[in-house]
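Under numbering that gives the first Met the number 0, the first residue of the sequence shown carries the number 0, and numbering increases by one thereafter.
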Amino acid sequence: MKITRCAWVNEDPLYIAYHDEEWGKPLYDDRKLFELLMLEGMQAGLSWYTVLKKREHFRKVFDGFDPQKIVQYDEAKIESLMQDTDIIRNRLKINAILRNAEVYLQICRDEGSFAGYLWSFIGGKPLINGWKTRSEVPATTAQSDEMSKALKKKGMKFVGSTICYAFMQASGMVNDHTADCFCRR
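Written out as structure tokens, the structure is:
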């Protein structure tokens, strides 16, 4: 029996596993949410598939996306990242991760948790959408606009509304599995 998945999934087992086991599953872990938001920022102008294939190496070179370690990076570390062909070598995006780590730590101090802060934009529980087809799924929503504006005000970079909505989908803040997808149930 053929399993029906969301139309954006290709045939790569890595992508299938990502869709089936991660995408759209509610995520409440501060560090994992930070990692996901940083990787969504790395995706800007590219496909998620490109980032997904590089994710394990990103985790290695960014110290497991540990903000405490990232805020300590110096120019030599940035230059080594810029020479690493196994990541997306965009200086603005790399510098954004460094800046965003600082903001993450401040949010954790001010709000108690990064997860609690982010989930507050949708009322603390997943929004369940009822899209029938991929073409119905929006690129942004009022909630992603609000999240983006708030994160930018705090100083984060590469957190536009489209990136925030993709992040909300991936982290399970919204359930955008289409009606025909087996994960919808």
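Positions of the beta carbon are idealized from the N, C-alpha and C atoms, including for glycine. On a predicted model such as this, the values are computed, not experimentally measured, just so you know.
Asked, Found
"Neighbourhood of residue 187 by C-beta distance below 6 angstroms, restricted to the same chain and skipping five residues each side", "Nothing about residue 187 can be reported from this structure: the residues present for the chain run from 0 to 184 only."
"Contacting residues, own chain, Cβ-Cβ under 8 angstroms from residue 81 (five flanking each side not counted)", "88, 90, 93"
"Whole-angstrom distance between residue 58 and residue 15, CA atom to CA atom", "20 angstroms"
"Proximity of residue 69 and residue 95 at Cβ, strictly below 8 angstroms", "no"
"Where residue 127 falls, given that 16 or more other Cβ within 10 Å makes a residue buried", "exposed"
"Per-residue burial, residue 131 [other beta carbons within 10 Å of its own, 16 or more giving buried]", "exposed"
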